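Working notes for the structure below.
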Amino acid sequence: MIPVVDEDLCIGCGNCAEICPSVFQLIDETSRVIDPEACDFFECCEAAEENCPVEAITIEEEE
């Protein structure tokens with residue numbers, strides 16, 4: 002799984018960083034993916050996606 006943040010949609014609420022800090026971090030008031038491979042080890046990426054109020058996070062399957 003590869004998490005992707007649409008920076009144009011992100012409002013910087015920080016939900017994803019609170020739910021899944023090993024993968025997401027707020028940088029300059031925008032969520033950024035800091036370790037996409039951590040989604041394979043921590044089961045929090047889907048929760049971060051589901052709790053994003055503006056649906057800025059998508060989880061893509063690896064090819």
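The opening position of the sequence shown corresponds to residue 2 in this note's numbering, with each subsequent residue numbered one higher. Glycine included, every Cβ here is placed at the ideal spot set by N, Cα and C. Small disclaimer: the values here were computed from a predicted structure and weren't measured.
- When only Cα atoms are considered, Glu61 and Pro4 end up about 6 Å apart.
- Here Ala57 is not near Val24, since their CB atoms are 7 Å or more apart.
- With respect to Glu30, Gly13 sits close: the two C-beta atoms are nearer than 7 Å.
- Setting aside the 5 residues that flank it on each side, Ser32 is surrounded in the same chain by Val6, Cys11, Cys17 and Phe25, each with a C-beta closer than 6 Å to its C-beta; the list follows chain order.
- Taking 7 Å as the cut-off, the Cβ atoms of Ala48 and Ile28 do not count as close.
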